[in-house]
DNA sequence: ACTACCCGCAACCAAGAGGTTGCCAATATG
DNA sequence: CATATTGGCAACCTCTTGGTTGCGGGTAGT
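Residue numbers (my numbering), protein chains in the order written: chain A, 1 to 123; chain B, 1 to 123.
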């Protein structure tokens, strides 16, 4: 992966990570990921927060693209939108892959140090 | 997955998500995930932030378990620590799986509505 | 028409995040 | 020893976040 792609991936992933960086919102996503639509009142039930608190969290999720909303009658329904989590998974895959490659290089280094020396980062 | 497990997963994942919810920190992780150790000054090079700014970000990553530090001489070295991202990947896997199951149920519903009606959430 | 419900808007508040600067201690290096 | 590098600590600032309350407006049910 080119470095500029990595930077772009970081830029597109950061808002999604930030939106998921809250216990309340993670639990909301867990309730929503069954594909159904839920009204705000339904999502408030069972939580200790006020309706406005839940609403704010839902708006955060919607701005990050993790959730979509549709007003129907007097109710606003929210549902999971799977698209936003793709760059996040890509980012984690990238990090995991790099880590695995690093382990592989280390293994190779241990087995044949003179043939594949890992150059330490230049100071 | 039981609901209490899901809640526990959310609780353990949220701090990691939050720590990754920043472009600067995502780029730091990208630089660190090659398995090598880097000093703070090295990680400062190329960024527009001050050393203290980078240090704060590194401490956030360390408190979330994404990164580990070791002082050696006058330098503090940081390296990637892969353990913390496991619950995050588990969470995303859970959400993706639930979403796929929901799609599968929808598909089944379309093909045989009378045999597998999805009960809409009760109001 | 009246009532109950669902929700959006605005104001407000406390706490934390992100970032800077200044200063000082410790370690390398000549 | 003198000096430059490295970085930890503390103070400070601004903006955002997470949360609340109060109020008013639309929608549904009777």
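Just so it is clear, CB atoms sit at the ideal spot from N, CA and C, and this is done for glycine as well. Predicted model, so just to flag it, every value in this text is computed and none were measured.
Cβ neighbours of residue i in the same chain (closer than 8 Å, five flanking residues each side left out)
{"i": "residue 14/B", "result": "none"}
{"i": "residue 124/A", "result": "Given a span of 1 to 123 for chain A in the structure shown, any question on residue 124/A remains unanswerable."}
{"i": "residue 40/A", "result": "51, 54, 55, 58, 75, 76, 78"}
Cα-Cα separation between residue i and residue j, rounded to whole angstroms
{"i": "residue 38/B", "j": "residue 79/B", "result": "7 Å"}
{"i": "residue 102/A", "j": "residue 83/B", "result": "15 Å"}
{"i": "residue 44/A", "j": "residue 50/A", "result": "7 Å"}
{"i": "residue 52/B", "j": "residue 58/B", "result": "10 Å"}
{"i": "residue 6/A", "j": "residue 95/A", "result": "10 Å"}
{"i": "residue 47/A", "j": "residue 24/A", "result": "9 Å"}
{"i": "residue 26/B", "j": "residue 70/A", "result": "32 Å"}
Chain A contact for residue i (CB, 8 Å cutoff)
{"i": "residue 72/B", "result": "no"}
{"i": "residue 54/B", "result": "no"}
{"i": "residue 40/B", "result": "no"}
{"i": "residue 30/B", "result": "yes"}
{"i": "residue 43/B", "result": "no"}
{"i": "residue 107/B", "result": "no"}
Cβ shell of residue i (< 7 Å), same chain only, five flanking positions each side left out
{"i": "residue 81/B", "result": "65, 66, 67, 68"}
Residue i (DSSP reduced to helix, strand or coil)
{"i": "residue 79/B", "result": "strand"}
{"i": "residue 74/A", "result": "coil"}
{"i": "residue 39/B", "result": "strand"}
CB contact below 8 Å: residue i versus chain B
{"i": "residue 88/A", "result": "yes"}
{"i": "residue 78/A", "result": "no"}
{"i": "residue 48/A", "result": "no"}
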